[in-house]
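Enquirer: Numbering (our numbering), first residue to last: 242 to 457.
A virtual CB, placed ideally from N, CA and C, is assigned to each residue, including glycine.
This is the structure I want to talk about, given as structure tokens.
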Amino acid sequence: MSSGSDRQTAKHYRTQTGVIREIPSAVAVQMRRLERTDREDTTRDVPFAERLRQIPRETGRFLAIVAGGAPAGHWVEVGTSGGYSALWLGMACLQRGAQLTTIENDAAKLARANETVRAAELTSCVEVRAGDAREVVGSIRPISLIFIDCISEAYCEVLDAALPNMPPGAILLADNATSHSDELEDFVRRLADDDEIDWVVVPVGKGVFYGRKRFA
Ligand SMILES: C[S@@+](CC[C@H](N)C(=O)[O-])C[C@H]1O[C@@H](n2cnc3c(N)ncnc32)[C@H](O)[C@@H]1O
242 MSSGSDRQTA KHYRTQTGVI REIPSAVAVQ MRRLERTDRE DTTRDVPFAE
292 RLRQIPRETG RFLAIVAGGA PAGHWVEVGT SGGYSALWLG MACLQRGAQL
342 TTIENDAAKL ARANETVRAA ELTSCVEVRA GDAREVVGSI RPISLIFIDC
392 ISEAYCEVLD AALPNMPPGA ILLADNATSH SDELEDFVRR LADDDEIDWV
442 VVPVGKGVFY GRKRFA
């Protein structure tokens, strides 16, 4: 049963997000907790590798809206950290009856993400998987949506592994398009040379590559 403060949190999210009207209380509580921790990471001197470095809330809203319209198939996230973006995608999973596998290769972050998913009551639709996404992604099919948010060096390899498993109409999302444009030059070239994906950079948060596999 939701407590009074849980209900207030959900209401707060409804008014703050506008278009995302129904964030379950357990999810909203975890979103607020991680937003607080992420803010504190930058003000305290937390070592870079330990920081959550999560997407801003507006990117989360964007992911949830886009994912809500994904075709049938499995959803994949590359780079879980503490599970913040997985909460937004997980919420869309609940609405669509979809399943998300979110992949993380850092043991401490994995533990934090598992705790987030459990506390948010999303274990029925979100699986946190350990491993290097470059090796894991190729085993998941069909992938109807993939969100890439890991080290820049891995973006191209992850896309190469995912693309054969993505049916026409499948959605590609990748973060840091504007914030890390120098580091993602190869990825941009890879997309520009690809005749299977139509894509654009959306100026939300750190910039999001938003693409769709062509139908023919
Ligand atoms: C920017 S953070 C992800 C933030 C998360 N998407 C969010 O918004 O809450 C990047 C994460 O990717 C993980 N990572 C980096 N390279 C990876 C790889 N090759 N496979 C799996 N995870 C990776 C890092 O350990 C880190 O936790």
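For V367, count neighbouring Cβ atoms within 10 angstroms of its own Cβ and tell me buried if that reaches 16, exposed if not.
Expert: It is buried - the Cβ of V367 has at least 16 other Cβ atoms within 10 Å.
Enquirer: Is the beta carbon of V319 within less than 7 Å of some heavy atom of ligand 1?
Expert: Under cutoff, so the answer is yes.
Enquirer: Going by Cα to Cα distance, which pick from A402, S393, E362 is closest to D423?
Expert: Checked all of A402, S393, E362; the closest Cα to D423 is S393.
Enquirer: Helix, strand or coil for S420, going by three-state DSSP, please let me know.
Expert: In this structure, S420 counts as coil in the three-state DSSP scheme.
Enquirer: Do three or more CB pairs link the segment 384-400 to the segment 355-367 at distances below 8 Å?
Expert: Contact between the segment 384-400 and the segment 355-367 is absent, because fewer than three Cβ pairs lie under 8 Å.
Enquirer: Can you find the residues in the same chain that come closer than 6 Å, C-beta to C-beta, to Q295, ignoring five residues on each side of it along the sequence?
Expert: Excluding sequence neighbours, Q295 sits near D279, S322, Y325.
Enquirer: Quick check on F450: buried or exposed, where buried means 16 or more other Cβ atoms within 10 Å of its Cβ?
Expert: Counting Cβ neighbours within 10 Å, F450 comes out buried, since at least 16 surround it.
Enquirer: Can you name the residues that DSSP bridges to F388?
Expert: Bridge partners of F388: E318, L414.
Enquirer: Does the Cβ-Cβ distance between I412 and L432 come in under 8 Å?
Expert: Against a cut-off of 8 Å, the Cβ pair of L432 and I412 comes out as no contact.
Enquirer: Quick one: is the Cβ of A395 within less than 7 Å of any heavy atom of ligand 1?
Expert: Yes, ligand 1 has a heavy atom inside 7 Å of this Cβ.
Enquirer: Would A354 pass as a contact of V378 if the rule is Cβ separation under 8 Å?
Expert: Contact flag unset, no.
Enquirer: Give a yes or no on whether the C-beta atoms belonging to L328 and C334 are separated by under 8 Å.
Expert: Not in contact: L328 and C334 (Cβ atoms no closer than 8 Å).
Enquirer: Suppose only complete runs of 3+ residues qualify. What are the beta strand (DSSP E) ranges in the segment 323-354, listed by chain order?
Expert: Listed in chain order, the complete beta strand (DSSP E) runs (minimum 3 residues) inside the segment 323-354 are 341-345.
Enquirer: Quick check on V445: does DSSP put it in helix, strand or coil?
Expert: V445 falls in the coil class under three-state DSSP.
Enquirer: Is N355 near ligand 1, judged by its Cβ being under 7 Å from some heavy atom?
Expert: No, since every heavy atom of ligand 1 falls outside the 7 Å radius drawn around the Cβ of N355.
Enquirer: Are the segment 300-314 and the segment 281-292 touching, with three or more C-beta to C-beta distances below 8 Å?
Expert: Touching, no.
Enquirer: Please report the distance separating the alpha-carbon of S243 from that of L330.
Expert: In this prediction, S243 scores a pLDDT of 45, lower than 50, which makes its location untrustworthy; the coordinate-derived value is nonetheless stated afterwards. For S243 and L330, the distance between alpha carbons rounds to 22 Å.
Enquirer: Identify whether R280 lies in helix, strand or coil by the three-state DSSP scheme.
Expert: In the structure shown, R280 sits in a helix (DSSP, three-state: H, G or I).
Enquirer: Please name the residue, chosen from K447, A415, E426, T283, that lies closest to W440 on a Cα-to-Cα basis.
Expert: Per the Cα distances, A415.
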